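Here is the structure we will look at.
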Amino acid sequence: MKYLISVAAVLSMMAFNVNAKDIICEHAGVSSHIIINGNTLVDDMERVIADEVSTGKFESNDSFGKVTYTIHGNRIIMQFMNVTKEYTCDL
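In our numbering, the protein residues as written are 1 to 91.
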């Protein structure tokens, strides 16, 4: 429930911010919706909300442990628990 309230709050704030980037990405044939608003990244597929710690690098600590997203061109690399997912995005 706490997670749903957090996501709803972030998405509500993003609805009013014209600078929010709504990005469609794909990994292994599965589409994912990622929203970047200022220094916050929301990944709807993995249900992660991450904060920017340096330019193009976002981190979160949640049920996965430490989750890191790094933006490289049109790719977003997600790393957690010795797993790496590479999204190809429509940036």
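All residues carry an ideal CB built from backbone N, CA and C; glycine is no exception.
Quantities reported herein were computed from a predicted structural model and do not represent experimental measurements.
Between residue 57 and residue 70 a beta carbon distance of about 5 Å is seen, short of the 8 Å cut, so the two are scored as contacting. Judged by beta-carbon spacing, residue 89 lies within the 7 Å limit of residue 76, meaning their Cβ atoms are closer than that value. Around the beta carbon of residue 28, fewer than 16 other beta carbons lie within 10 angstroms, which makes this residue exposed.
In this structure, DSSP gives residue 74 a state outside helix and strand, which the three-state scheme calls coil. For residue 64, the secondary structure class from DSSP, reduced to helix, strand or coil, is coil.
By the Cβ-count criterion, residue 67 is buried, with 16 or more other Cβ atoms from all chains shown falling within 10 Å of its own Cβ. Beta bridge pairing from DSSP links residue 91 with no other residue. In the displayed model, residue 44 falls within coil according to three-state DSSP, outside both helix and strand.
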